[in-house]
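Working notes for the structure below.
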Amino acid sequence: MLFPQFSALFFLLCLSGCTNLYLLRGNRPEQQNAPVGATNTKPGLARTESEIFMSDVKNTVSKANSPRKGDAAGSVSPARARQFHETEQRMKAQRSPSLANVELLAPSDDQIALISARFGLDVADVDEMIGLGLSTVRDQYDALRPVLVMSFNGEDDFKAIKIHLDRIVDALVRSAHGAANYYETRRQLAKDAKDKWANEHRDDDRMGIDGQDNYTGRLRRAAAEHAVKAYALYHIASGACTAYAEVMGEEWQPYQSRANNRTVSQEAAAALDEALGI
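The sequence shown runs contiguously to residue 278 in UniProt numbering.
Set out below in structure tokens:
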């Protein structure tokens with residue numbers, strides 16, 4: 001008598017399972033038939049669902065690639081920002097640098113003497129560097145004067161040789177200015193590395209790898225080496241400017257394009273500011 005009861009119970013369980021499967025089947029979206037000529041006939045997401053899915057993927061990837069807080073691309077220390085600002089201002093201050101601009105950036109005689117003694121670096125002889133600049137201008141003036149100086153109505157025209165010597169001296173001054181500017185940047189980096197508040201690396205006073213110099217020590221050494229270079233090039237440019245004044249009878253002036261010249265109103269305002277001392 002138990003067999004009919006088990007049979008009825010088994011039938012009810014099968015019926016219940018089939019009903020659940022049918023209900024689950026009814027909740028799924030109907031598959032659309034592929035259009036004629038379509039190559040991909042596999043079942044998948046509808047077009048709108050596919051677009052939403054791909055949009056979510058793009059948003060996720062873009063968020064993952066964006067800079068995080070604390071990354072180098074997302075934040076700059078105040079010291080680095082100040083260094084960049086100072087360098088940018090120095091570069092924009094004079095498009096055509098003068099010898100006075102080089103003198104402001106290059107190390108002085110007393111400073112280069114200390115650098116040479118304490119870092120053990122050889123410094124170029126000052127008289128020799130000045131003589132090199134003198135001979136550069138004098139020799140070209142003597143060699144090119146018969147070619148570039150023309151006579152009109154019994155008067156010599158020095159315009160062509162003046163333009164040539166202007167360019168020669170300008171090249172030497174620009175070279176010295178670039179070296180002096182780079183030295184000043186290296187010196188500022190070494191100065192900031194010594195300051196614990198401006199230094200991004202907190203362990204730079206430790207001994208370097210295999211007994212070598214640490215980070216701050218390398219910055220000091222680099223600044224000292226570039227100081228020697230800037231000092232030599234400054235004196236070459238100084239000698240060239242001196243020789244230019246001798247052969248041309250006037251001081252060398254850096255070239256200023258018309259686009260950078262001040263207007264009359266700006267010159268008038270500058271004259272008034274100079275009178276007031278502001």
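Note that CB positions come from ideal geometry on N, CA and C, so glycine has one too.
Glycine 249 vs leucine 134 beta-carbon contact at 9 Å: The answer is no: Cβ separation not under 9 Å.
Could you please give me the residues that DSSP links to aspartate 157 through a beta bridge? Met150
Quick check on glutamine 253: does DSSP put it in helix, strand or coil? coil
From the DSSP output, in three-state form, read off serine 108 for me. coil
If I measure Cβ to Cβ from phenylalanine 119 and keep anything under 6 Å in the same chain, skipping five residues before and after, which residues do I get? Ala224
Buried or exposed: which applies to aspartate 192, given that a residue is buried once 16 or more other Cβ atoms fall within 10 Å of its Cβ? buried
Reference glycine 131; option with closest CA among Ser175, Ala237, Ala270 and Val264: Ala237
Inter-residue CB distance, valine 123 and isoleucine 112 (contact presumed, cutoff 8 Å): 6 Å
Near valine 61, which residues of its chain fall below 7 Å by C-beta distance, leaving aside the five closest residues on each side in sequence? Low confidence applies to valine 61: its pLDDT is 49, below 50, so where it sits in the model is not reliable, and the reading given next is rough at best. Hits under 7 Å: none found.
Pick from Asn181, Ala176 and Asn214: whose alpha carbon is nearest that of lysine 194? Asn214
Alpha-carbon spacing of valine 57 relative to tyrosine 255, whole angstroms: With a pLDDT of 49 at valine 57, under the threshold of 50, the modelled position of this residue cannot be trusted; read the value that follows with caution. Answer to the nearest angstrom: the Cα atoms are 57 Å apart.
Assigned secondary structure, serine 77 (DSSP; H/G/I helix, E/B strand, else coil): coil
Could you give the DSSP three-state label for alanine 117: helix, strand or coil? helix
Helix, strand or coil at valine 123 [DSSP, three-state]: coil
Is the separation between the beta-carbon of aspartate 166 and that of tryptophan 252 shorter than 9 Å? yes
Tell me where the alpha helix (DSSP H) around aspartate 273 begins and ends. 264 to 276
Give me the Cα-Cα distance between leucine 219 and alanine 190, rounded to the nearest whole angstrom. Alanine 190 has its alpha-carbon roughly 5 Å from the corresponding atom of leucine 219.
Between the stretch 225 to 234 and the stretch 103 to 110, can you find at least three pairs of beta-carbon atoms closer than 8 Å? yes
Quick one: Cα of valine 149 to Cα of isoleucine 168, how far? 17 Å
Residue range of the alpha helix (DSSP H) that serine 96 falls in? Note, serine 96: premise wrong, no alpha helix (DSSP H); not H, not E.
Mind checking histidine 177: buried by the 16 CB within 10 Å criterion, or exposed? buried
Mapping the DSSP letters down to three states, classify asparagine 214 as helix, strand or coil. Residue state, collapsed to three classes: coil.
Find out if the Cβ-Cβ distance for the pair valine 137, valine 247 is shorter than 9 Å. yes
Could you give the distance in angstroms between the alpha-carbon of glutamate 184 and the alpha-carbon of serine 98? 17 Å
Cut-off 6 Å between Cβ atoms - residues of its own chain near alanine 160, not counting five sequence neighbours on either side: If we look at alanine 160 and ignore the five residues flanking it on each side, its Cβ neighbours are Leu148.
Suppose you measure from the CA of serine 16 to the CA of phenylalanine 10; what does that come to, to the nearest Å? 10 Å
CA-CA distance, alanine 268 and cysteine 241? 30 Å
Test item: CB-CB of histidine 226 and alanine 179 under 9 Å: Inclusion of histidine 226 and alanine 179 in the CB contact set at 9 Å is warranted, their separation being smaller than that value.
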